Amino acid sequence: MSRVIGIDGPSGAGKSSVSRIVGERLGFLHVDSGALYRILTWQCLEAGVDMENPAAIHAFCEGVEIELRPGNGSVEYYVGGEAPGSRIRTPEINANASKVAREKPVRDKVTAILKGMVRFGDLVVEGRDITTAVFPDSPARFYLTASAEARAMRRQKEEIEKGIANQSAEDVKASLLARDAIDSTRKYAPLRKADGVIEIDSSFLTLEQVVEAVLDALPEEWKS
Ligand code: DC
Numbered sequence: 024m025s026r027v028i029g030i031d032g033p034s035g036a037g038k039s040s041v042s043r044i045v046g047e048r049l050g051f052l053h054v055d056s057g058a059l060y061r062i063l064t065w066q067c068l069e070a071g072v073d074m075e076n077p078a079a080i081h082a083f084c085e086g087v088e089i090e091l092r093p094g095n096g097s098v099e100y101y102v103g104g105e106a107p108g109s110r111i112r113t114p115e116i117n118a119n120a121s122k123v124a125r126e127k128p129v130r131d132k133v134t135a136i137l138k139g140m141v142r143f144g145d146l147v148v149e150g151r152d153i154t155t156a157v158f159p160d161s162p163a164r165f166y167l168t169a170s171a172e173a174r175a176m177r178r179q180k181e182e183i184e185k186g187i188a189n190q191s192a193e194d195v196k197a198s199l200l201a202r203d204a205i206d207s208t209r210k211y212a213p214l215r216k217a218d219g220v221i222e223i224d225s226s227f228l229t230l231e232q233v234v235e236a237v238l239d240a241l242p243e244e245w246k247s
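The number in the numbering used here is simply the position in the sequence shown, starting from 1, with 23 added.
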C-alpha cells in the first residue's frame, strides 16, 4: 500500500516548496495537483474554448490526454509529448484556472488521475481538496496557511525570479485573494480545513521550520 501525504492550503502558502522538500527527504514522489487544473485551463485557452460556458469546458476537458511520467522526484506531466513548463504559470492561467477547477466533471477527471497515481509508490500531494476529497483517509494530512500579505510577497518574488510576470505586490495580492474566494466558495470540493488535519501557519516560519513541522507530525512508523 502506498503512503500518501496530503498538503492543502491557499495559493502562496508555500505548499510547493514544502512538499517538494518533504518528498525529497522521504523518497516520496511530489505531485502538484494544481498543475493538472492549470494544464486543462491552458489547453482550453489554446483551443479558444469559451471560458464562460461550463458545458464547453466539460466537453473539451474530457478529451484532453495528460501523460504521467514518474521520475526525478516527482510525477511530471506531458501533453502531446511536450512539458507545459512556464506556459501554465501565466497571469492569464491564474485568472482562468478557477473557472475550470470549479466544474464537477473536471474535478472528477483530475481526482481519478490523482487517485491512480498510488501505483507509482509513496506520494506527497499538494492541492486544495487532497485532504478532504482525494485522499481523505490518509493519516498524514496538513493544512498549510499564511497571511495574505506573506503569501502575496512570496508569490511576487517567485514570479519575478522565474521571469513569468512583473506585477505589483498589490496586483499579486488581489489575484491571490480573488482565487482564494472562488476556490473556497465553489460548490464542489471547496478549499477548507478538514477535521483532523494538522494546520501550520507559515507566516513567520522559515521553509525549513515548516518542513520540520510536517516531518515531525508524520505517523511514527513512517519516520524510520
Ligand atoms: O495551486 P495552483 O495555484 O497551481 O492551482 C491552480 C488552480 O487549481 C487554482 O484555481 C486552484 C485549483 N486547484 C483545485 O481546485 N484543487 C486542487 N487540488 C489543486 C488546485
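Built from N, CA and C at the ideal position, the CB exists for glycine as well. Because the structure is a prediction, the values reported are computed rather than measured.
Would you mind stating whether residue 60 and residue 120 have Cβ atoms separated by less than 8 Å? yes
Please tell me whether, using a cut-off of 7 Å, the distance from the CB of residue 21 to the nearest non-hydrogen atom of the ligand DC is below it. Beyond the ends of the chain as shown, which are 24 and 247, falls residue 21; an answer cannot be given.
According to the neighbour-count rule (16 or more other Cβ atoms, all chains shown, within 10 Å of its Cβ), is residue 230 buried or exposed? exposed
With DSSP collapsed to three states, give me the class of residue 33. coil
Helix, strand or coil for residue 226, going by three-state DSSP, please let me know. coil
Is any heavy atom in the ligand DC found nearer than 7 Å to the beta carbon of residue 139? no
With distance defined between alpha-carbon atoms, name the residue in 135, 144 and 142 nearest to residue 152. 135
Would you give the residue range spanned by the beta strand (DSSP E) that residue 154 belongs to? Looking at the DSSP string, residue 154 is not in any beta strand (DSSP E), and its letter there is neither H nor E.
Figure out for me which residue from 64, 62, 63 and 39 has the closest Cα to the Cα of residue 53. 39
Would you say the beta carbon of residue 206 is closer than 7 Å to some non-hydrogen atom of the ligand DC? yes
Assuming residue 194 is part of the beta strand (DSSP E), what are its boundary residues? From DSSP, residue 194 is part of no beta strand (DSSP E) but of the alpha helix (DSSP H) over 192 to 208.
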